[in-house]
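Colleague:
Protein chains: 2
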Amino acid sequence: MDLDLAKELAVTNDSKIVLYVIDGLGGLPHPDTGRSELESADTPHLDRLAADGICGLTVPVGPGITPGSGPGHLSLFGYDPYRYQVGRGVLEALGIDFDLQPQDVAARGNFCTVDEAGRVTDRRAGRISTDTCTELCDLLREIKLPGVELFVEPVREHRFLLVLRADGLDGRLSETDPQRLDVEPLPVQALAPEAASTASYVNQFIQEAKRILAGHEPANMLLLRGFSKHPSFPCFGDVFRMRAAAVAVYPMYRGLAKLVGMTVLPTGITLEDELETLRAHWEEFDFFFLHFKRADAAGEDGDFDAKIAALEAADAVIPALREMEPDVLMVAGDHSTPSVLAAHSWHPVPFALCSRWCRPDRTEEFYESVCAAGSLGTFPATEVMPLAMAHARRLTKYGA
Amino acid sequence: MDLDLAKELAVTNDSKIVLYVIDGLGGLPHPDTGRSELESADTPHLDRLAADGICGLTVPVGPGITPGSGPGHLSLFGYDPYRYQVGRGVLEALGIDFDLQPQDVAARGNFCTVDEAGRVTDRRAGRISTDTCTELCDLLREIKLPGVELFVEPVREHRFLLVLRADGLDGRLSETDPQRLDVEPLPVQALAPEAASTASYVNQFIQEAKRILAGHEPANMLLLRGFSKHPSFPCFGDVFRMRAAAVAVYPMYRGLAKLVGMTVLPTGITLEDELETLRAHWEEFDFFFLHFKRADAAGEDGDFDAKIAALEAADAVIPALREMEPDVLMVAGDHSTPSVLAAHSWHPVPFALCSRWCRPDRTEEFYESVCAAGSLGTFPATEVMPLAMAHARRLTKYGA
Chain P
1 MDLDLAKELA VTNDSKIVLY VIDGLGGLPH PDTGRSELES ADTPHLDRLA
51 ADGICGLTVP VGPGITPGSG PGHLSLFGYD PYRYQVGRGV LEALGIDFDL
101 QPQDVAARGN FCTVDEAGRV TDRRAGRIST DTCTELCDLL REIKLPGVEL
151 FVEPVREHRF LLVLRADGLD GRLSETDPQR LDVEPLPVQA LAPEAASTAS
201 YVNQFIQEAK RILAGHEPAN MLLLRGFSKH PSFPCFGDVF RMRAAAVAVY
251 PMYRGLAKLV GMTVLPTGIT LEDELETLRA HWEEFDFFFL HFKRADAAGE
301 DGDFDAKIAA LEAADAVIPA LREMEPDVLM VAGDHSTPSV LAAHSWHPVP
351 FALCSRWCRP DRTEEFYESV CAAGSLGTFP ATEVMPLAMA HARRLTKYGA
Chain U
1001 MDLDLAKELA VTNDSKIVLY VIDGLGGLPH PDTGRSELES ADTPHLDRLA
1051 ADGICGLTVP VGPGITPGSG PGHLSLFGYD PYRYQVGRGV LEALGIDFDL
1101 QPQDVAARGN FCTVDEAGRV TDRRAGRIST DTCTELCDLL REIKLPGVEL
1151 FVEPVREHRF LLVLRADGLD GRLSETDPQR LDVEPLPVQA LAPEAASTAS
1201 YVNQFIQEAK RILAGHEPAN MLLLRGFSKH PSFPCFGDVF RMRAAAVAVY
1251 PMYRGLAKLV GMTVLPTGIT LEDELETLRA HWEEFDFFFL HFKRADAAGE
1301 DGDFDAKIAA LEAADAVIPA LREMEPDVLM VAGDHSTPSV LAAHSWHPVP
1351 FALCSRWCRP DRTEEFYESV CAAGSLGTFP ATEVMPLAMA HARRLTKYGA
């Protein structure tokens, strides 16, 4: 559903909607057992939820497309991930809780290794430690350019964030990462006439950085990608006419929620802390986005058993969620992260929606192949919000 | 399928297609039995049709979207309900068989109650009787404005139709219903410069009406919504290259069929009358839209048993339809109307298509959860017509 139409049809009432996102929820079978992580895990409460509600598989972006966390979440929030794009630089800023301003241009930086001729020999500088990254960022902070304020923030290993702050900056810039070895980093070029001065600032920064990093092998140069400004998205609360809150531990997800105008609640680091936060604010909001990270982290590590354990932990809080009696409780994932791939993947993601207005289907368990046979079928994740709104009786009739 | 493509691929032959629309067909389980109206009803002929043909669930407009009758039918006719919109005023006119002209602007009117300060205290004037509505409309007919002809027609309870007739009128007007209580009705504003004179006419009408209605509590004021002109849609018969006839009892559905250029056949008020009409004109047309209203009416009344009875009545005419040996016989609904909601809903709608060219699926019965497992799956209602055309061998190959 188009956000304009959602805004036109949305009505308010007293209902509560919970979107519980188990990051990286979907998986693939273990080669020995033929069963996925979710199928192998003991998840009685998710199974019960599936039996009581309706199931399907969400397609986060499109068939065959592996989403990053940004599009994976935005589509669950109802935002067309092709139309509402978030630059890598901005995502990196969100991920470290950097307070990005509307006039800022952010870029994702990589420390890299170059040879004597200046040609890239390792695009990740041997994945230096985060401590080393922090020290190098401190050095780069010495760079001063007249007319622009610079921020250099360590992220993790070889990755850092560069932010330029001044009025009139423009993010339409080419990237410096040549994406292959044995060639020199590319100079930044303005992709629009308005971005010429920003390109010049960045190229000056790179020249200074090259001088400072010389001799700091393996991190003796840097690459910059994903120049972008903070996008201006329609406010989730305005579109769906709900007071919306986000309960998430990791900055990236808090940042994504902030991007669409949700209220981000301060919370502790365990899932139980998150539940407690949700409970404490139950009366203040209509919609809750609850994020659980561990399943994705285990999948990315390729640790099948750890992912099973994470899914079982995710399952354990379902009774507490149901006790709060949301009118609509959904369990979703932003994408699949099969342990056997040790990465995000394109596979559709298990989804369950429970409400008194569900037309029940025959799903009695909650895992990939069962969800595929659920009454929601395999459907775009952008339809999750319209379905939630409908089951909360928050959408009025279309046409007379 | 886009209508332009349909027109490009459509070919003519001797086949007959029947689209039997059981209004409000889909439902939800009864809380005591866990079975929907259709599942509870004894519908042997629909079951047999499902067994002989292919089944699925149609999505009238989009996931989560509850359609009105207009978009619900237009999508079954193959018209994208987002692109082909019918204003509320026009639908109200269609619903009472008002002979709307191309230059007319129509609006849906509500009698309402205002307090001494002119603030709305009841947007429906306590749902006055249709007789009272008729008397009040007679009073409003006394209003004369130079340069424009006015029509005020009672509809039902507090609802009436206002039509302005003159050359150069424009329906791009704001509504007067403030959609909440304790505020005054809004003045009509032109939403385009060309609509300024129309806005002025309507505001003059409202001033006169206010004076006339004063003292007629509870109906001492009116609200106007959905200003619109008769839309100009592609002709169904031209697009699909068929002589198309509509057999429907209620004006609204006859009006919708007329909107897309079908021939509307005069008919009696029972389903048997409608069957007889269809039979009498069998040789004259290629396509028949047959409409049965009672199931929706029972659902809207929240009367589970009455809806069961209506569905059983709908079932009883299937043998007579099959005896006419249509090449394609379809049973569809424009939307679901679950008795437990006593309203239209967003739930996908059972659908069956029977033709000698069906690839059989395993569906042996006709109700919601069985149709969900049918070979057509859950699919947009706009695909019903292309499927019908294909099974009637009325679509040529796309591309060489």
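Protein sequences, first through last, are from chains P and U. Quick note: the first sequence, position 304, residue 304 per the working numbering, numbers continuous. For the working numbering, add 1000 to where a residue sits in the second sequence, where the first one is 1. Every residue, glycine too, gets a C-beta built ideally from N, C-alpha and C. The structure presented is a predicted model; accordingly, all values stated were derived computationally and were not measured.
Please report the residue range of the beta strand (DSSP E) in which residue 1066 of chain U lies.
Modeller: On the second sequence, residue 1066 of chain U is found 66 positions in, with the first residue counted as 1. No beta strand (DSSP E) holds residue 1066 of chain U; DSSP gives it neither H nor E.
Colleague: List the endpoints of the continuous alpha helix (DSSP H) containing residue 1133 of chain U.
Modeller: By 1-based counting over the second sequence, the position of residue 1133 of chain U is 133. Segment 1130-1140, the alpha helix (DSSP H) holding residue 1133 of chain U.
Colleague: Taking the C-alpha atoms as reference points, what is the distance between residue 311 of chain P and residue 41 of chain P?
Modeller: Position 311 of the first sequence, counting from 1, holds the residue named residue 311 of chain P. Position 41 of the first sequence, counting from 1, holds the residue named residue 41 of chain P. The straight-line gap from Cα to Cα measures roughly 7 Å.
Colleague: Classify residue 1056 of chain U: buried if its beta carbon has 16 or more other beta carbons within 10 angstroms, exposed otherwise.
Modeller: The count along the second sequence starts at 1 and reaches residue 1056 of chain U at position 56. It counts as buried.
Colleague: Classify residue 125 of chain P as helix, strand or coil using the three-state DSSP reduction.
Modeller: On the first sequence, position 125 is the one that residue 125 of chain P refers to. Correct three-state label for residue 125 of chain P: helix.
Colleague: Between U/1003, U/1013, U/1074, which lies nearest to residue 399 of chain P when the distance is taken from Cα to Cα?
Modeller: For the purposes of this step, residue 399 of chain P is taken as residue 399 along the first sequence, with counting starting at 1. Looking at the Cα atoms, U/1074 is the closest of the given residues.
Colleague: Kindly list the residues whose CB is nearer than 6 Å to the CB of residue 70 of chain P, restricted to its own chain and excluding five residues on each side of it in sequence; keep chain order.
Modeller: Translated into the one-based positions of the first sequence, residue 70 of chain P becomes position 70. Excluding sequence neighbours, residue 70 of chain P sits near 86, 91.
Colleague: Any beta carbon of chain U sitting closer than 8 Å to that of residue 182 of chain P?
Modeller: Your numbering for residue 182 of chain P matches position 182 in the first sequence. Chain U, which has no Cβ nearer than 8 Å to the Cβ of residue 182 of chain P, makes this no.
Colleague: In chain order, which continuous runs of the alpha helix (DSSP H) of length 4 or greater are located wholly inside the segment 1230-1290 of chain U?
Modeller: Runs found: 1236-1240, 1251-1259, 1271-1280.
Colleague: Among U/1323, U/1339, U/1280, which residue has its Cα nearest to the Cα of residue 1301 of chain U?
Modeller: Here residue 1301 of chain U refers to the residue found at position 301 of the second sequence. Measuring from the Cα of residue 1301 of chain U, the nearest candidate turns out to be U/1339.
Colleague: Using a beta-carbon distance below 8 Å, is residue 1085 of chain U in contact with chain P?
Modeller: Your numbering for residue 1085 of chain U matches position 85 in the second sequence. Yes - at least one Cβ of chain P is within 8 Å of the one on residue 1085 of chain U.
Colleague: For residue 1113 of chain U, does the three-state DSSP call read helix, strand or coil?
Modeller: Taking the first residue of the second sequence as 1, we reach residue 1113 of chain U at position 113. DSSP places residue 1113 of chain U in strand when its eight states are reduced to three.
Colleague: Taking all protein chains shown into account, decide if residue 305 of chain P is buried (16 or more other Cβ within 10 angstroms of its Cβ) or exposed.
Modeller: Along the first sequence, read from residue 1 onward, the residue named residue 305 of chain P stands at position 305. Under this definition residue 305 of chain P is an exposed residue.
Colleague: Can you pull the chain U neighbours of residue 306 of chain P, defined as C-beta to C-beta under 7 Å?
Modeller: To locate residue 306 of chain P, count along the first sequence from 1; it is residue 306. What residue 306 of chain P touches in chain U: nothing, since even the nearest Cβ is about 34 Å away.
Colleague: Out of P/161, P/364, P/223, P/121, which has the shortest C-alpha to C-alpha gap to residue 203 of chain P?
Modeller: In the first sequence, residue 203 of chain P corresponds to position 203, counting from 1. For the residues P/161, P/364, P/223, P/121, the minimum Cα distance to residue 203 of chain P belongs to P/223.
Colleague: Measure from the alpha carbon of residue 113 of chain P to the alpha carbon of each residue in P/217, P/16, P/141, then state which is nearest.
Modeller: Position 113 of the first sequence holds residue 113 of chain P. The residue with the shortest Cα to Cα distance from residue 113 of chain P is P/217.
Colleague: Thinking C-beta only, is residue 1255 of chain U closer than 8 Å to residue 1235 of chain U?
Modeller: Residue numbering aside, residue 1235 of chain U sits at position 235 when the second sequence is read from its first letter. Residue numbering aside, residue 1255 of chain U sits at position 255 when the second sequence is read from its first letter. In this structure, residue 1255 of chain U does not lie closer than 8 Å to residue 1235 of chain U by Cβ.
Colleague: Can you find the residues in the same chain that come closer than 7 Å, C-beta to C-beta, to residue 1376 of chain U, ignoring five residues on each side of it along the sequence?
Modeller: Looking up residue 1376 of chain U in the second sequence gives position 376. Cβ neighbours of residue 1376 of chain U beyond the five flanking positions: 1054, 1055, 1056, 1351.
Colleague: Is the CB of residue 129 of chain P under 8 Å away from at least one CB in chain U?
Modeller: Along the first sequence, one-based indexing puts residue 129 of chain P at 129. False, the Cβ-Cβ gap to chain U never drops below 8 Å.
Colleague: Taking a contact to mean a Cβ-Cβ separation below 8 Å, would you say residue 1228 of chain U touches residue 1089 of chain U in this structure?
Modeller: By 1-based counting over the second sequence, the position of residue 1228 of chain U is 228. By 1-based counting over the second sequence, the position of residue 1089 of chain U is 89. Yes.
Colleague: Between residue 1277 of chain U and the ligand FAD, is the CB less than 7 Å from at least one heavy atom?
Modeller: Absence of the ligand FAD is noted for the structure shown, with no ligands found whatsoever.
Colleague: Just reading off the beta strand (DSSP E) that residue 354 of chain P is part of, what are its end residues?
Modeller: Here residue 354 of chain P corresponds to residue number 354 of the first sequence, with the count starting at 1. 349-354 is the extent of the beta strand (DSSP E) around residue 354 of chain P.
Colleague: With distances taken Cα to Cα, identify the nearest neighbour of residue 108 of chain P among P/115, P/117, P/120, P/94.
Modeller: Residue mapping note: residue 108 of chain P aligns to position 108 of the first sequence, counting from 1. For the residues P/115, P/117, P/120, P/94, the minimum Cα distance to residue 108 of chain P belongs to P/94.
Colleague: Measure the CB-CB distance between residue 58 of chain P and residue 384 of chain P and report whether it falls below 8 Å.
Modeller: The count along the first sequence starts at 1 and reaches residue 58 of chain P at position 58. The count along the first sequence starts at 1 and reaches residue 384 of chain P at position 384. Yes, these two residues count as a Cβ contact at 8 Å.
Colleague: Return the bridge partner residues of residue 999 of chain U from the DSSP annotation.
Modeller: Missing from the structure shown is residue 999 of chain U; chain U here goes from 1001 to 1400 and no further.
Colleague: Please name the residue or residues paired with residue 1331 of chain U in a DSSP beta bridge.
Modeller: Position 331 of the second sequence holds residue 1331 of chain U. According to DSSP, which records beta bridges pairwise, residue 1331 of chain U is partnered with U/1020, U/1352.
Colleague: Mapping the DSSP letters down to three states, classify residue 1205 of chain U as helix, strand or coil.
Modeller: By 1-based counting over the second sequence, the position of residue 1205 of chain U is 205. Looking at residue 1205 of chain U - three-state DSSP - the assignment turns out to be helix.
Colleague: Name the residues in the segment 331-365 of chain P whose C-beta lies less than 8 Å from a C-beta of chain U; which are they?
Modeller: So the list reads 357, 359, 360, 361, 362, given in the order they occur along the chain.
Colleague: Hey, residue 174 of chain P and residue 188 of chain P: beta-carbon distance below 8 Å or not?
Modeller: For the purposes of this step, residue 174 of chain P is taken as residue 174 along the first sequence, with counting starting at 1. For the purposes of this step, residue 188 of chain P is taken as residue 188 along the first sequence, with counting starting at 1. Yes; because the gap between Cβ atoms is below 8 Å, this pair is in contact.
Colleague: DSSP on residue 1070 of chain U, reduced to helix/strand/coil?
Modeller: Taking the second sequence and counting its residues from 1, one reaches residue 1070 of chain U at position 70. Helix.
Colleague: Give the interface partners of residue 1028 of chain U over in chain P, defined as CB-CB distance under 8 Å, in chain order.
Modeller: Position 28 of the second sequence, counting from 1, holds the residue named residue 1028 of chain U. Neighbours of residue 1028 of chain U on chain P, chain order: 357, 359.
Colleague: Give the straight-line distance between the Cα atoms of residue 1158 of chain U and residue 1177 of chain U, rounded to the nearest whole angstrom.
Modeller: As a first step, residue 1158 of chain U must be located in the second sequence, where it is residue number 158. As a first step, residue 1177 of chain U must be located in the second sequence, where it is residue number 177. In a straight line, the C-alpha of residue 1158 of chain U is about 14 Å away from that of residue 1177 of chain U.
Colleague: Taking only three categories from DSSP, how would you classify residue 1308 of chain U?
Modeller: Here residue 1308 of chain U refers to the residue found at position 308 when the second sequence is read from its first residue. Note: residue 1308 of chain U maps to helix in three-state DSSP.
Colleague: Find the residues of chain U that neighbour residue 81 of chain P, judging by a C-beta separation of less than 9 Å, and give them in chain order.
Modeller: The sequence position of residue 81 of chain P within the first sequence is 81, counting from 1. The premise fails here: residue 81 of chain P is roughly 17 Å from chain U at the closest Cβ pair, so nothing lies under 9 Å.
Colleague: For a quick check, are the C-beta atoms of residue 1389 of chain U and residue 1018 of chain U less than 8 Å apart?
Modeller: Translated into positions along the second sequence, residue 1389 of chain U becomes position 389. Translated into positions along the second sequence, residue 1018 of chain U becomes position 18. It is not a contact, given that the beta carbons lie outside the stated cut-off.
Colleague: Residues of chain P with CB under 7 Å from residue 1372 of chain U, in chain order?
Modeller: Locating residue 1372 of chain U in the second sequence gives position 372, counting from the first residue. Within chain P, the residues near residue 1372 of chain U are 361, 375.
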